[in-house]
Amino acid sequence: MAKLGRTHVMIAKDMVDRSRSVRQVAADFGVDESTLRYRLRRAADAPDGRRERASVLAGWDERIDAVLARFEDARVVPEGRGYCQAQVLHGMLRREYQFAGSYQAVRRYLRRRFGTGPVQAIRRVETPPGVQAQHDWFDVESRIAGERWAMHGLLGTLSHCRASFVWASRTMTQVAWQTGHLALFTRYGGVPLWVRIDNLKTGVATGAGPTARISPAFHSFAAACHFAVDPCRPATGSDKGKVERQVRTDRGAFADLFVAEWSSLEALQTALDHRARELHAQQRCPLTGTTVAEALVAERAHLQPVPAMHEPFDCVVARRVSRDCLVSFEGRRYSVPFALVGRTVEVRGTARHVVIVAEGHERARHARQTAARLVLTPAHYEGQSTPTVLAPTPLGRRAQRQLAGLPGLPTPTVVARPLSDYIALVEEACR
Numbered sequence: 001m002a003k004l005g006r007t008h009v010m011i012a013k014d015m016v017d018r019s020r021s022v023r024q025v026a027a028d029f030g031v032d033e034s035t036l037r038y039r040l041r042r043a044a045d046a047p048d049g050r051r052e053r054a055s056v057l058a059g060w061d062e063r064i065d066a067v068l069a070r071f072e073d074a075r076v077v078p079e080g081r082g083y084c085q086a087q088v089l090h091g092m093l094r095r096e097y098q099f100a101g102s103y104q105a106v107r108r109y110l111r112r113r114f115g116t117g118p119v120q121a122i123r124r125v126e127t128p129p130g131v132q133a134q135h136d137w138f139d140v141e142s143r144i145a146g147e148r149w150a151m152h153g154l155l156g157t158l159s160h161c162r163a164s165f166v167w168a169s170r171t172m173t174q175v176a177w178q179t180g181h182l183a184l185f186t187r188y189g190g191v192p193l194w195v196r197i198d199n200l201k202t203g204v205a206t207g208a209g210p211t212a213r214i215s216p217a218f219h220s221f222a223a224a225c226h227f228a229v230d231p232c233r234p235a236t237g238s239d240k241g242k243v244e245r246q247v248r249t250d251r252g253a254f255a256d257l258f259v260a261e262w263s264s265l266e267a268l269q270t271a272l273d274h275r276a277r278e279l280h281a282q283q284r285c286p287l288t289g290t291t292v293a294e295a296l297v298a299e300r301a302h303l304q305p306v307p308a309m310h311e312p313f314d315c316v317v318a319r320r321v322s323r324d325c326l327v328s329f330e331g332r333r334y335s336v337p338f339a340l341v342g343r344t345v346e347v348r349g350t351a352r353h354v355v356i357v358a359e360g361h362e363r364a365r366h367a368r369q370t371a372a373r374l375v376l377t378p379a380h381y382e383g384q385s386t387p388t389v390l391a392p393t394p395l396g397r398r399a400q401r402q403l404a405g406l407p408g409l410p411t412p413t414v415v416a417r418p419l420s421d422y423i424a425l426v427e428e429a430c431r
């Protein structure tokens, strides 16, 4: 429904004066008839009575100034450091002074008393090639094999060349988060030096922005892929404006693919990749003036190689190896090579395995979340001693047969030398 302005009311009044019915004029303007009749009853140039109405915050100046001064608001504190947001002020008034009015009332009060504040200028930053990518999730629905799936798309954009790709996933778990990053790096043709992300839990454990603490699993993943994580400041979409813009535009560019019927998730992913290449051939990179496809080819020379052998993991912990060559993880104990006894190793939980890493190399691998609480690999107890760890005592013949599930050795039924022979030998020696 349209909104009637002063000019519209004047035109409507003239049309009614020319013998056109109010109902017909209301239909022409796309408004309700009662609304038009109400506006016509008032003079077109009469001031809005609500402007003269007293604010619910009348008489609250001292309390409001006290709150603003606490935040060093420049409107009440000379050379203040900024402007307190109306939402923050509204919350403080409700908690400390039991203010029962609305947030909009606080906004109107600030606008009437102080006028509109200065416009915040935004710094435009363009990174060199190979330096930064911006990654973010968005939600969609799609039909896979006749079923409607709630899907998630991980959108990645190289900040310099503006090349964007979408990786589709059923989940947003830590494993999906890392797998999606590897998929995007593969499509970029390399790994940038920095990846800017939002403050989601799979990426950030606590805090936000420069003070954020990266989640241990993602921190280890980033170290293995040789990129640094750059979380955005809280509630600041402009920090990753390129990917935010692509989330809006790419939803439209890929919308027909998500609503189509697909035989499998792989078929949908293939179509998404093909559409991305089509868009890159049509779009222009604002920094180079070439197509995005050409700019992507040029930027690949500045990217780091994609790790050839890396497996995403959703949990990573540090554990000390006990004297019996075991580490504890998720309520179970797993064996490692005896040479690691007494050292602290990194234990990673992947989708199917528990991987023990020492000095950047995989040293052991076991099935994850098994029914067994003690998981052993006999080969971990074999080998030569090291300068710091003596090898375990070798297994005897009996122990080897027991571990192999073999029966004991048969008891001899025939005495090889009778007792009478020993007696004769003793008597001969005593003569």
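Residue 1 is where the sequence shown starts when you use the numbering used here, and the numbers rise one by one after that.
The C-beta atom is built at its ideal place from N, Cα and C for all residues, glycine as well.
Pair within 8 Å by beta-carbon distance, residue i and residue j
i	j	result
Pro78	Ala133	no
Pro337	Ala364	yes
Leu93	Val67	yes
Val345	Ile356	yes
Val292	Cys161	yes
Arg275	Ala253	yes
Gln87	Tyr103	yes
Glu299	Pro118	no
Val229	Gly207	no
Arg352	Arg332	no
Arg81	Glu72	yes
Thr173	Asp61	no
Gln178	Phe221	yes
Glu96	Leu287	no
Trp194	Phe218	no
Leu268	Ile144	yes
Arg213	Ala205	yes
Leu279	Leu257	no
Closest by C-alpha distance to residue i, when choosing among the options
i	options	result
Leu40	Val336, Tyr83 and Val22	Val22
Thr377	Ser385, Tyr334 and Arg343	Tyr334
Pro210	Pro231, Ala224 and Ala223	Pro231
Val56	Ala26, Phe99 and Arg320	Phe99
Ala372	Asp198, Leu279 and Phe329	Phe329
Arg170	Val316, Ser34 and Leu265	Leu265
Ser322	Arg398, Gly360, Tyr381 and Ala281	Tyr381
Val140	Val131, Thr116 and Ala168	Ala168
Ala318	Ala54, Ala301, Val354 and Leu272	Val354
Ser263	Gly360, Arg148 and Gly408	Arg148
Val131	His152, Lys201, Arg111 and Ser159	Ser159
Three-state secondary structure (DSSP) of residue i
i	result
Pro210	helix
Arg18	coil
Ile122	coil
Gln402	helix
Trp60	coil
Thr350	strand
Leu376	coil
Pro231	strand
Phe254	coil
Met1	Summary for Met1: the model assigns pLDDT 49, below 50, so the residue's position carries little reliability; its value from the coordinates is reported in the next sentence. Three-state result, Met1: coil.
Ala44	Reliability of the predicted coordinates at Ala44 is poor, the pLDDT of 48 falling under 50, and no value is obtained from them.
Glu141	strand
Cys161	coil
Cys285	coil
Glu278	helix
Pro418	coil
Cys430	helix
Val327	strand
Assigned exposure category for residue i - 16 Cβ within 10 Å defines buried
i	result
Ile122	exposed
Cys325	buried
Val166	buried
Ala12	buried
Thr157	buried
Ile423	exposed
Ser385	exposed
Cys84	buried
Arg404	Strictly speaking, residue 404 in this sequence is Ala, with Arg absent from that position. Ala404 should be labelled exposed.
Ser215	buried
Arg18	exposed
Cys285	buried
Val259	exposed
Val106	buried
Contact belief for residue i with residue j at Cβ below 8 Å, rounded distance in angstroms
i	j	result
Leu155	Ser142	With a Cβ gap of about 15 Å, Leu155 and Ser142 do not count as contacting.
Leu184	His135	7 Å
Arg343	Val316	With 8 Å as the limit, Arg343 and Val316 do not qualify as a contact, their Cβ atoms being about 16 Å apart.
Val389	Ala358	Actually they are not in contact, since the Cβ atoms of Val389 and Ala358 sit about 13 Å apart, beyond 8 Å.
Gly189	Leu303	6 Å
Glu493	Thr350	Past the boundaries of the shown model lies residue 493; the chain is included only from 1 to 431, so the question cannot be answered.
Val25	Met10	Actually they do not touch by this definition, with Cβ atoms about 12 Å apart.
heavy atom of the ligand NAD below 7 Å from residue i C-beta
i	result
Ser164	Because no ligand of any kind appears in the structure shown, any question about the ligand NAD cannot be addressed here.
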